[in-house]
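Q: Have a look at this one.
Numbering (my numbering), first residue to last: 12 to 121.
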């Protein structure tokens, strides 16, 4: 289960290029549920996934995974609960390693 409560993310706050990426986002994904996130460029899809994974810090709100509040958790700590497959096959992997070596490296992260 993943639940987001009133998530806000603003890039470059207070500047001329301030951008609100997510504003009071509410999301509930039940265990076993399959969700597709679609939208145009700049709609906030990557920001949403980065907030869940801990790569992007939310300005406010709470992130719960399996009823645990992980809002303040580091990316490394969240990685025990969250996995992603990137569109770019080189993102999140070491290009000089084999698939087996990449998987072995990933298994050591926990």
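Each residue gets a CB set at the ideal place from its N, CA and C atoms; glycine is no exception. Just so we're clear, the structure is a prediction, and the values are computed from it rather than from any experiment.
Classify residue 58 as helix, strand or coil using the three-state DSSP reduction.
A: The count along the chain shown starts at 1 and reaches residue 58 at position 47. The answer is helix: DSSP assigns residue 58 an H, G or I state.
Q: What residues match up with residue 20 in a beta bridge as DSSP calls it?
A: Start at 1 with the first residue of the chain shown, and residue 20 comes out as number 9. According to DSSP, residue 20 bridges with 33.
Q: Between residue 49 and residue 111, what straight-line distance do the alpha-carbon atoms span, to the nearest angstrom?
A: In the chain shown, counting from the first residue as 1, residue 49 sits at position 38. In the chain shown, counting from the first residue as 1, residue 111 sits at position 100. So the alpha carbons of these two residues sit roughly 31 angstroms apart.
Q: My understanding is that residue 20 touches residue 69, with C-beta atoms under 8 angstroms, so please give their C-beta distance in whole angstroms.
A: Translated into positions along the chain shown, residue 20 becomes position 9. Translated into positions along the chain shown, residue 69 becomes position 58. Confirmed, about 6 angstroms.
Q: Roughly how many whole angstroms lie between the Cα atoms of residue 72 and residue 14?
A: In the chain shown, the residue the question calls residue 72 occupies position 61. In the chain shown, the residue the question calls residue 14 occupies position 3. Distance between the alpha carbons of residue 72 and residue 14: 11 angstroms.
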